[in-house]
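Working notes for the structure below.
Protein chains: 2
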Amino acid sequence: MGDEPLANLLERIHRLCLERAISVGTAESCTGGLVAKLLTDRAGSSGFFRGGVVSYSNDVKAGLLDVPADHIDAHGAVSAQVARDMAIGARVRLSVDVAVAVTGVAGPSGGSRAKPLGLTYVAVADSAGVDVRRFLFDGDRQANRESAARAALELLLAHCEAEPGRPL
Amino acid sequence: MGDEPLANLLERIHRLCLERAISVGTAESCTGGLVAKLLTDRAGSSGFFRGGVVSYSNDVKAGLLDVPADHIDAHGAVSAQVARDMAIGARVRLSVDVAVAVTGVAGPSGGSRAKPLGLTYVAVADSAGVDVRRFLFDGDRQANRESAARAALELLLAHCEAEPGRPL
Numbered sequence: 010m011g012d013e014p015l016a017n018l019l020e021r022i023h024r025l026c027l028e029r030a031i032s033v034g035t036a037e038s039c040t041g042g043l044v045a046k047l048l049t050d051r052a053g054s055s056g057f058f059r060g061g062v063v064s065y066s067n068d069v070k071a072g073l074l075d076v077p078a079d080h081i082d083a084h085g086a087v088s089a090q091v092a093r094d095m096a097i098g099a100r101v102r103l104s105v106d107v108a109v110a111v112t113g114v115a116g117p118s119g120g121s122r123a124k125p126l127g128l129t130y131v132a133v134a135d136s137a138g139v140d141v142r143r144f145l146f147d148g149d150r151q152a153n154r155e156s157a158a159r160a161a162l163e164l165l166l167a168h169c170e171a172e173p174g175r176p177l
Numbered sequence: 010m011g012d013e014p015l016a017n018l019l020e021r022i023h024r025l026c027l028e029r030a031i032s033v034g035t036a037e038s039c040t041g042g043l044v045a046k047l048l049t050d051r052a053g054s055s056g057f058f059r060g061g062v063v064s065y066s067n068d069v070k071a072g073l074l075d076v077p078a079d080h081i082d083a084h085g086a087v088s089a090q091v092a093r094d095m096a097i098g099a100r101v102r103l104s105v106d107v108a109v110a111v112t113g114v115a116g117p118s119g120g121s122r123a124k125p126l127g128l129t130y131v132a133v134a135d136s137a138g139v140d141v142r143r144f145l146f147d148g149d150r151q152a153n154r155e156s157a158a159r160a161a162l163e164l165l166l167a168h169c170e171a172e173p174g175r176p177l
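In order, the protein sequence lines correspond to chains A and H. Going by my numbering, the first residue of the first sequence is number 10, and it counts up by one from there. Going by my numbering, the first residue of the second sequence is number 10, and it counts up by one from there.
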């Protein structure tokens with residue numbers, strides 16, 4: 010991930026989405042609302058940010074983001090498949106151009122050999138499809154949540170830059 | 010509002026909800042995910058926190074929280090009625106025992122004589138019904154968001170203390 014200060018990254022997302030009229034939404038598990046909080050820190054964010062779902066439980070992933078229960082059963086809540094499903098579900102349910110989703114094992118418990126602490130998937134759904142990335146962070150709970158949020162914002166920005174946007 | 014450090018307040022909510030098996034969810038407008046983020050800062054929060062909706066746009070309030078569009082039209086998104094609707098909607102949609110909702114004018118723009126900057130409604134829906142409170146904060150955007158989050162957590166704690174909980 011880049012070294013750009015978080016405030017710069019947020020400012021670039023904010024400006025770009027307003028300029029191109031790109032609407033944005035979020036679906037978060039391990040970050041627990043942090044990505045949405047960061048996107049709305051700045052005044053005027055209601056001009057592009059429509060909303061988000063914090064899907065901590067699997068029931069909320071299924072009920073509000075349409076993540077198929079059998080995907081959770083087969084792949085686990087922290088998986089590329091579920092990150093993808095969350096992003097697609099958020100894009101549809103929130104009616105946005107670009108939706109970013111995060112699911113990971115923030116720690117300190119919940120890790121396993123197959124799904125170690127810090128394992129995080131970020132997905133962005135936009136008009137071109139879905140892009141899913143895998144990360145393995147090595148911090149404590151707070152650091153992993155912050156790293157996951159930054160990774161989500163960086164992938165969101167990259168996709169917003171590629172979005173055609175709408176005529177104003 | 011009280012002077013208790015935020016970390017203490019969060020620790021009390023966390024411990025109480027785990028002890029009594031009370032499930033919690035959130036519905037946030039002006040705080041943009043901050044309440045959910047704070048509730049999930051601590052490890053083990055998945056034991057009681059199920060999820061949340063950040064309903065920044067009115068479409069998301071209607072679509073994911075079942076806030077009647079005519080209530081928004083009649084009372085405005087920042088109103089006791091909509092705070093109540095958001096809390097009830099979150100309790101049902103997230104399938105939780107206690108849901109807390111926040112809607113307010115964080116600023117710096119968006120204020121009016123009828124709905125001044127800092128005006129915030131917090132509502133908690135639980136097994137006893139819905140409790141709605143009105144606040145008028147006088148800080149800047151960041152301070153108003155933090156004050157709104159604290160007010161939401163304090164009302165949430167008060168209602169969790171009154172909840173019977175479930176047999177473990």
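Note that beta-carbon positions come from the ideal geometry of N, C-alpha and C, so glycine has one too.
- Check the Cα spacing between G61/H and each of P77/H, V111/H, T129/H and S121/H: the tightest is with V111/H.
- Contact annotation for L73/H against chain A: G60, V62, L73, R102 and L103 [CB-CB distance below 9 Å, chain order].
- Contact annotation, G113/A with V87/A: C-beta distance approximately 6 Å; criterion of less than 8 Å satisfied.
- Burial check for D135/A: the Cβ neighbour count within 10 Å reaches 16 or more, so the residue is buried.
- Neighbours of A171/A across chain H, judged by C-beta separation under 9 Å, do not exist; the nearest C-beta is about 23 Å away.
- Against chain H, the beta carbon of K46/A has neighbours under 7 Å at G41, G42, L43 and K46, listed in chain order.
- Residue-level contact by beta carbon fails for A78/A and chain H, as no gap is shorter than 8 Å.
- If you draw a straight line from the Cα of R93/H to the Cα of T40/H, it comes to about 16 Å.
- Going by DSSP, L74/H is part of the alpha helix (DSSP H) stretching over N67 to L74.
- Interface with chain H (8 Å Cβ-Cβ cutoff): P125/A is excluded.
- Assigned with DSSP and collapsed to three states, A158/A falls in helix.
- Contact annotation for T112/H against chain A: no contact, minimum CB-CB distance about 12 Å [criterion: below 8 Å].
- Against D68/H, the close residues of chain A are R59, G60, L103 and S104, in the order they occur along the chain (beta-carbon pairs closer than 9 Å).
- Identification of chain A residues near Y130/H by a Cβ-Cβ cut-off of 9 Å yields none; the smallest Cβ-Cβ distance measures about 17 Å.
- Between G42/A and R59/A, the C-beta spacing is not below 8 Å.
- P117/H has a beta carbon lying within less than 8 Å of a beta carbon in chain A.
- Exclusion of the five residues before and after S32/H leaves F57, R59, V105 and D106 as the residues of its chain whose Cβ lies within less than 7 Å of its Cβ.
- For A108/H, the uninterrupted beta strand (DSSP E) segment begins and ends at V107 to G113.
- Under the DSSP assignment, L43/H falls in the alpha helix (DSSP H) whose first and last residues are L43 to L48.
- It is roughly 7 Å from the alpha-carbon of E170/H to the alpha-carbon of L25/H.
- Neighbours of R29/A across chain H, judged by C-beta separation under 7 Å, do not exist; the nearest C-beta is about 18 Å away.
- Annotation for V139/A: the continuous beta strand (DSSP E) segment containing it runs G138 to L145.
- Along the stretch 145–162 of chain A, the positions whose C-beta sits under 9 Å from a C-beta of chain H are R150, Q151 and R154, read in chain order.
- Secondary structure of R21/H (DSSP, three-state): helix.
- Secondary structure of L126/H (DSSP, three-state): coil.
- Counting the other CB atoms within 10 Å of its CB gives A96/H a total of 16 or more, which places it among the buried residues.
- In terms of CA proximity to R100/H, E37/H leads the group I22/H, H23/H, E37/H and G11/H.
- Chain H places no beta carbon closer than 8 Å to that of A92/A, leaving this residue out of the contacts.
- Exclusion of the five residues before and after L18/A leaves L162 as the residues of its chain whose Cβ lies within less than 6 Å of its Cβ.
- In the structure shown, the three-state DSSP call for R100/A is helix.
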